[in-house]
Amino acid sequence: MNKILEVKDLCKSYEVNKRKTTVLNGLDLTINEGEMVAVMGPSGSGKSTLLYTVSGMDKMSAGSVKFCGKDMAGLSEGELAEMRLDDMGFIFQQMYMMKNLSVLDNIILPAIKSKRTNEPRKETVKRGQELMRKLGIIDTADNDINEVSGGQLQRACICRSMINSPKMIFADEPTGALNRTSSEEVMEELTKLNNEGTTVMLVTHDAKVAAKCSRVLYIVDGNIKGEFDPDRKASVQEREKSLNSWLIDMGW
Ligand SMILES: Nc1ncnc2c1ncn2[C@@H]1O[C@H](COP(=O)(O)OP(=O)(O)OP(=O)(O)O)[C@@H](O)[C@H]1O
1180 MNKILEVKDL
1190 CKSYEVNKRK
1200 TTVLNGLDLT
1210 INEGEMVAVM
1220 GPSGSGKSTL
1230 LYTVSGMDKM
1240 SAGSVKFCGK
1250 DMAGLSEGEL
1260 AEMRLDDMGF
1270 IFQQMYMMKN
1280 LSVLDNIILP
1290 AIKSKRTNEP
1300 RKETVKRGQE
1310 LMRKLGIIDT
1320 ADNDINEVSG
1330 GQLQRACICR
1340 SMINSPKMIF
1350 ADEPTGALNR
1360 TSSEEVMEEL
1370 TKLNNEGTTV
1380 MLVTHDAKVA
1390 AKCSRVLYIV
1400 DGNIKGEFDP
1410 DRKASVQERE
1420 KSLNSWLIDM
1430 GW
C-alpha cells in the first residue's frame, strides 16, 4: 500500500492575547492510498485543526507532513496552493462558496484556476454538469448559492471537491448540517468516490457516518488516543454497534 499522507510529531499551537494554546501535540499518523478515515473526538480536541494542518490550509508549528511523498514544509506558498488545487479536494463547514457566482460556476472554479491542463471552458462546464447530474443537483446549476437547500449546497461542495479529480478529499463535518436522508446520500457519494480510488479523511461527530469508513481515529487533547477498524464485511448495523461500544470505551 502506498502512503498518501505521512504525519510525524505534528504540533500546532495558537497564540491569542499573548497566551499560547497547544492544540496538536506531537501527533503521528499515516494514511494509505484508498483509505477512508474518520476523525472523531470531543469538541475542541483538535479534529478540524488536524484536517486544516495536514492539508496545508493552515501552517503547522512543528513536525512534518508529507503528501504523496512531498514534504510540505519544503514547498513554497505557490507550490502548496497548486498541490491543494490539483491533488486535494475540500468539503469544509464554512463551504467557502462565492456568493456572486452560480452553483455551476462555483463548482468549476477550481478547474478554471488550475494550470494543470488547458481544458477549454466548454469542456470544463460539461464535466461540471456531469458531476451535478451524478449528484442529482443539475436543476440548480444556474441558481445563486442562496437559492438552494443545505443538502444541495453540500452536494455542490462535493462536486467542486471532485472537479480536479483529486487524490485525496478532506471533509470537515460533511453531513453536519444535514437531515438523516441528505446525510446518507452525501455519505453514499463519498463512499462511491472512495470505492473508485479517492482517499478520504473526514471529521464527524456521527457514529453512523464513521461506521461507513475503513478506519476511525479518536482524538483527545490533540493526540490520537485510539484507532478502530470497522469490519466492512459486517452489516451497517453491526458496524455501528461495535463502533458505538468502542466509542464508549474511549470516553465518548
Ligand atoms: N484560529 C484559531 N485561533 C485560536 N484558537 C483556535 C483557532 N482554531 C482553533 N482554535 C482552538 O483550538 C482548539 C481545537 O479546535 P478545533 O476546531 O480543532 O476542535 P474540534 O475538535 O474540531 O472541535 P469541534 O468538534 O467543536 O468542531 C479549540 O480550543 C479552539 O478554540
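Mind the numbering: the sequence shown is residues 1180 to 1431 in the working numbering, read in order. C-beta: ideal position from N, C-alpha, C; glycine also. None of the values given here were measured: they were computed from a predicted structure.
Check, Outcome
"Which whole-angstrom value is the C-beta distance of I1270 and I1183, which I expect to be below 8 Å?", "Not a contact, Cβ separation roughly 17 Å."
"If you draw a straight line from the alpha carbon of M1267 to that of F1246, how long is it in whole angstroms?", "10 Å"
"Which of helix, strand or coil does DSSP assign to V1388?", "helix"
"Got a sec, what are the start and stop residues for the beta strand (DSSP E) T1209 sits in?", "R1198 to N1211"
"If you measure between the beta carbons of L1189 and M1251, is that distance less than 8 Å?", "no"
"For N1285, count the other beta carbons within 10 Å of its own beta carbon; 16 or more makes it buried, fewer makes it exposed. Which is it?", "buried"
"So for L1254, helix, strand or coil by DSSP?", "coil"
"Does ligand 1 have a heavy atom nearer than 7 Å to the CB of G1220?", "yes"
"With E1368 as the anchor, note down where its alpha helix (DSSP H) starts and where it stops.", "R1359 to N1374"
"Quick check: what's the CA-CA separation for Y1193 versus P1299?", "43 Å"
"Got a sec, what are the start and stop residues for the alpha helix (DSSP H) Y1231 sits in?", "K1226 to V1233"
"What's the gap between the Cα of P1221 and the Cα of S1255?", "34 Å"
"When DSSP builds the beta bridges, which residues end up paired with Y1193?", "T1200"
"Considering only the alpha carbon of each residue, which of T1354, Q1416, V1195 and N1181 lies closest to T1209?", "N1181"
"How many whole angstroms separate the CB atoms of T1383 and M1219, which I take to be in contact at a CB cut-off of 8 Å?", "6 Å"
"What's the gap between the Cα of Y1275 and the Cα of P1353?", "13 Å"
"At a cut-off of 7 Å, would you count Y1193 as near ligand 1, judging by its Cβ distance to the nearest heavy atom?", "yes"
"When DSSP builds the beta bridges, which residues end up paired with S1340?", "In DSSP, S1340 forms no bridge with anything."
"Alpha carbon to alpha carbon, what distance is there between L1310 and V1415?", "27 Å"
"I'd like the span of the beta strand (DSSP E) that includes E1406, first residue to last.", "N1402 to F1407"
"Less than 8 Å between the CB atoms is what I'm expecting for Y1397 and M1429, so what's the real figure, rounded?", "5 Å"
"Name the DSSP bridge partner or partners of Y1397?", "M1219 and G1405"
"Does M1239 come out as helix, strand or coil in the three-state DSSP assignment?", "coil"
"Less than 8 Å separating the beta-carbons of G1242 and L1259?", "no"
"Just how far apart, CA to CA, sit T1296 and L1264?", "12 Å"
"So if DSSP puts A1350 in a beta bridge, which residue, or which two residues, is it bridged to?", "I1270 and L1381"
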